[in-house]
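One structure is given here, and the rest of the page talks about it.
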Amino acid sequence: MRVRIGDADVVCAPGETVLLSALRAGWDLPYECASGGCGSCKAVLAAGDVRSLWPDAPGLSERDRRKGDRVLACQSVPAGEAVVRLPGGAAPQRAASGPGARPVPGRRPARIGAVLQLSPDTALVTVVPDRPVAYLAGQFVLLELPDGTRRAYSMSREPTDAPAGDDCLELVVRRVPGGRASSWLAGAAAGDPLVVEGPYGRAHVRSPADRPVVCVGGGSGLGPVVAVAERCLTESPDRAVRLYYGARTDADVVLADRLLRLQARGARVDVVTDVPPSAEAAGRFAPLAVRGGRVVEAVDADHPGPADLAGHDVYLAGPTPMVDALLASLVRTGRVGADRTFFDRFL
Ligand SMILES: Cc1cc2nc3c(=O)[nH]c(=O)nc-3n(C[C@H](O)[C@H](O)[C@H](O)COP(=O)(O)OP(=O)(O)OC[C@H]3O[C@@H](n4cnc5c(N)ncnc54)[C@H](O)[C@@H]3O)c2cc1C
Ligand code: FES
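If you're matching positions, the sequence shown starts at 34 in the working numbering and goes up one per residue.
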């Protein structure tokens with residue numbers, strides 16, 4: 034199978050999406066979620082045919098569907114030869130190579146290593162691929178379950194944390210009631226087979242060593258921002274790193290040991306719970322700062338001046354409303370540069 038994207042001629046292995054094939058061939062196509070939700074990989078099908086993995090994906094609007102030729106590169110599998118154009122006729126760019134470049138994604142068989150319950154609805158899921166997955170802190174993979182369900186999950190530790198020979202991926206997974214993938218993962222047993230596709234994602238660590246960093250994770254969005262904060266301190270131990278973690282209640286707080294370790298390494302960690310924490314919880318998590326409120330308001334309250342975050346890089350991950358609220362309050366007001374803000378919305 035072959036797809037032509039502008040001037041790029043890309044070979045697609047059977048069943049692979051246009052996005053995966055193009056990234057693997059070294060083209061830097063636009064995308065965000067790789068999951069059909071955001072629409073940033075939208076393209077025009079100029080000739081040939083593609084099959085959509087998710088025909089109703091919200092990444093295409095009703096208007097797009099009426100046009101009849103709009104496709105999502107992350108959901109499209111070519112059926113024979115196809116020609117795809119990027120929006121506005123933009124030419125695909127060559128992906129950067131060399132040190133710090135994004136690793137090239139691929140697909141590989143994997144199995145569940147372990148499922149460790151961290152709270153009533155959140156588990157640390159270990160996935161063991163048959164070959165190591167090189168990734169950057171902050172990136173995610175798509176897990177494809179035996180029934181074909183595909184969902185994105187972010188790696189929750191920095192890659193270099195792995196002891197020699199430990200090539201597993203660690204993911205913080207919050208169970209969504211009735212959710213197909215998260216319910217399957219919550220009930221999975223060691224050895225259960227699945228497929229890992231990736232790594233994907235642009236919200237990975239890329240800050241120069243001397244730049245202060247603010248990370249904000251909501252719910253299971255804690256996973257990737259912990260990995261980012263750890264990586265930032267590994268790269269430059271004296272760097273100013275501040276991590277905000279938004280949870281619903283103090284009973285939902287997970288990975289407290291990792292947060293304590295981050296703080297011991299010099300980061301400032303703020304846990305912000307929607308429901309005010311009990312006095313007992315404040316003691317239990319000490320010396321972490323735990324307070325009640327919305328994490329978005331906590332970030333605002335701690336940085337009230339228009340220039341307080343100037344010069345910072347900001348990493349955000351978690352529920353779409355939280356990430357969008359932070360983008361509105363930090364980026365659209367000009368308090369943080371758009372080119373210094375890296376985010377994943379868990380659509
Ligand atoms: C970049 C990114 C990183 C993420 N990282 C994490 C993480 O680290 N931890 C975590 O807990 N969650 C993460 N998520 C959310 C995760 O991918 C799932 O959405 C979540 O676990 C719920 O999935 P579910 O199958 O259990 O629920 P469901 O309700 O069954 O599905 C959830 C979502 O999947 C999408 N969907 C529905 N049908 C289809 C279909 N046919 N094909 C494809 N998609 C469909 C819809 O957007 C739906 O809202 C991430 C999401 C994104 C985009
Ligand atoms: S990257 Fe394809 S819809 Fe988000």
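In this text, a Cβ means the ideal position worked out from N, Cα and C, and glycines have one as well.
Keep in mind that this is a model prediction, so the values were computed, not measured.
Query, Result
"So, is Leu149 buried or exposed, given that buried needs 16 or more other C-beta atoms within 10 angstroms?", "exposed"
"Answer with buried or exposed for Arg99, where buried requires no fewer than 16 other C-beta atoms within 10 angstroms of its C-beta.", "exposed"
"Measure the alpha-carbon distance for Thr155 versus Gly101 and round it to whole angstroms.", "40 Å"
"Give the secondary structure of Trp217 by DSSP, where H, G and I count as helix, E and B as strand, and everything else as coil.", "helix"
"With H, G and I counted as helix, E and B as strand and the rest as coil, what does DSSP make of Cys265?", "helix"
"Please indicate yes or no: does the CB of Gly92 lie closer than 6 Å to some heavy atom of ligand 1?", "no"
"What do you get for Glu95, buried or exposed, if any count of 16 or more other CB atoms within 10 angstroms of its CB means buried?", "exposed"
"Quick one: using the 10 Å Cβ neighbour count with 16 as the cut-off for buried, is Val463 buried or exposed?", "Residue 463 falls outside the range modelled here, since the chain spans only 34 to 380, and no answer is possible."
"Starting from Gly316, follow the alpha helix (DSSP H) in both directions and report where the run begins and ends.", "Ala312 to Phe318"
"Fully enclosed by the stretch 123 to 186, which beta strand (DSSP E) runs are 3 residues long or longer?", "139 to 152, 155 to 162 and 173 to 177"
"When you measure from the CB of Cys107 to every non-hydrogen atom of ligand 1, does any distance come out below 6 Å?", "no"
"Would you decide whether Gly386 is buried or exposed? Buried here means 16 or more other CB atoms lie within 10 Å of its CB.", "It is not possible to answer for residue 386, since the shown part of the chain is limited to 34 through 380."
"Looking at the secondary structure, which residues open and close the beta strand (DSSP E) in which Ala90 lies?", "Unbroken run through Ala90: none, as it is neither H nor E."
"Based on Cα-Cα distance, which residue from Leu293, Arg298, Leu349 and Ala350 lies nearest to Val323?", "Leu293"
"Please indicate yes or no: does the CB of Val44 lie closer than 6 Å to some heavy atom of ligand 1?", "no"
"Pull up the CB-CB distance for Gly325 and Val304, whole angstroms please, since I reckon it's below 8 Å.", "That belief does not hold up - the Cβ atoms of Gly325 and Val304 are roughly 10 Å apart, past 8 Å."
"Determine the burial state of Ala350: buried for a count of at least 16 other Cβ atoms within 10 Å of its Cβ, exposed for fewer.", "buried"
"Are there three or more Cβ pairs, one per stretch, closer than 8 Å when the stretch 52 to 62 is compared with the stretch 82 to 90?", "no"
"With contact counted as at least three CB pairs below 8 Å, one residue from each stretch, are the stretch 266 to 277 and the stretch 210 to 223 in contact?", "no"
"Would the beta-carbon of His345 fall within 7 Å of that of Pro245?", "yes"
"Of the choices Leu204, Val110 and Ser187, whose alpha-carbon is the least far from that of Gly146?", "Leu204"
"Which residue from Gln126, Tyr233 and Ala80 puts its Cα closest to that of Pro111?", "Ala80"
"Verify whether the separation of the beta carbon atoms of Gly231 and Val174 is less than 7 Å.", "yes"
"Taking Pro136 and Leu169 to be in contact with their CB atoms under 8 Å, please state how far apart those CB atoms are, rounded to whole angstroms.", "7 Å"
"Roughly how many whole angstroms lie between the Cα atoms of Gln296 and Glu191?", "16 Å"
"Who are the near neighbours of Ser240 in its chain, counting only those whose CB is closer than 7 Å to its CB and skipping five residues on each side?", "Val246, Cys265 and Asp346"
"For Val369, is the classification buried or exposed, using 16 other Cβ atoms within 10 angstroms of its Cβ as the cut-off for buried?", "buried"
"Could you tell me the alpha carbon to alpha carbon distance between Leu202 and Arg378, rounded to whole angstroms?", "20 Å"
"Using a Cβ-Cβ cutoff of less than 6 Å, which residues in the same chain neighbour Arg373 once the five nearest sequence positions on both sides are dropped?", "Asp346"
"Which of the three DSSP states, helix, strand or coil, is assigned to Ala371?", "helix"
"Is Glu95 near ligand 2 - that is, is its Cβ less than 6 Å away from at least one heavy atom of it?", "no"
"Tell me whether Tyr64 counts as near ligand 2, meaning its Cβ is closer than 6 Å to at least one heavy atom of that ligand.", "yes"
"Are the beta-carbon atoms of Leu78 and Gly92 separated by less than 7 Å?", "no"
"Do the CB positions of Arg208 and Thr182 come within less than 7 Å of each other?", "no"
"Return the residue from the list Asp341, Thr353 and Pro354 that minimises the CA-CA distance to Thr366.", "Asp341"
"So what's Thr282 in DSSP terms, helix, strand or just coil?", "coil"
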